[in-house]
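Residue numbers (the UniProt record's numbering): 1 to 103. Quick reminder that beta carbons are idealized off the backbone N, C-alpha and C, glycines included. All figures in this text were calculated on a predicted structure; none of them were measured in a lab. Below is one structure, written out as structure tokens, with a few remarks after it.
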Amino acid sequence: LAPPDAASSSSSSGGADPVPVLGAKKKVALGTQPIGLSPFRNNGVACVFVAGDRPTVIYSSGGKILYANVNVGDMSWACPFHSELFPDCLALASEGSLLIGTL
1 LAPPDAASSS
11 SSSGGADPVP
21 VLGAKKKVAL
31 GTQPIGLSPF
41 RNNGVACVFV
51 AGDRPTVIYS
61 SGGKILYANV
71 NVGDMSWACP
81 FHSELFPDCL
91 ALASEGSLLI
101 GTL
């Protein structure tokens, strides 16, 4: 996501995809503890996994920013994970566990 001037310069650069632009400011509570942010792609869509005491996935659809709760408990870290047995997955870790799954 970029400021409006970056979007206008991107669209005039000859065929480049337009850069998404943030609109109105919004505040959302994502738990009471510090959070970690991990970008990843899900079916080609840019997403952000919010690790903390209320794990959440943030993504954009139809010009709106959406928040999806992830029911996996208190997770501290996340990263994209891809292998032959687990294609297009997300690896989630806490201090005592590792989960591999899809959204």
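In terms of residue numbering, what span does the beta strand (DSSP E) encompassing residue i cover?
i     : result
Thr56 : 56 to 61
Pro80 : 77 to 81
Ala46 : 45 to 51
Ser38 : 36 to 42
Ala93 : 89 to 93
Going by C-alpha distance, which of the options is nearest residue i?
i     : options                    : result
Val50 : Cys89, Lys26, Gln33, Pro87 : Gln33
Ser60 : Ser76, Pro80, Asn43, Val72 : Asn43
Using a Cβ-Cβ cut-off of 6 Å (strictly less than) and excluding sequence neighbours within five positions of residue i, which residues of its own chain qualify?
i     : result
Ala68 : Val57
Within its chain, find whatever has a CB closer than 7 Å to the CB of residue i; leave out the 5 residues flanking it on each side and keep chain order.
i     : result
Asp53 : Gly31, Thr32, Gln33, Asp74
Leu37 : Val48, Val50
How would you label residue i, buried or exposed, when you count the other beta carbons within 10 angstroms and need 16 or more for buried?
i     : result
Phe40 : buried
Might you give, ordered along the chain, the residues of its own chain that have their beta carbon closer than 8 Å to the beta carbon of residue i, omitting 5 neighbours on each side?
i     : result
Glu95 : Ser76
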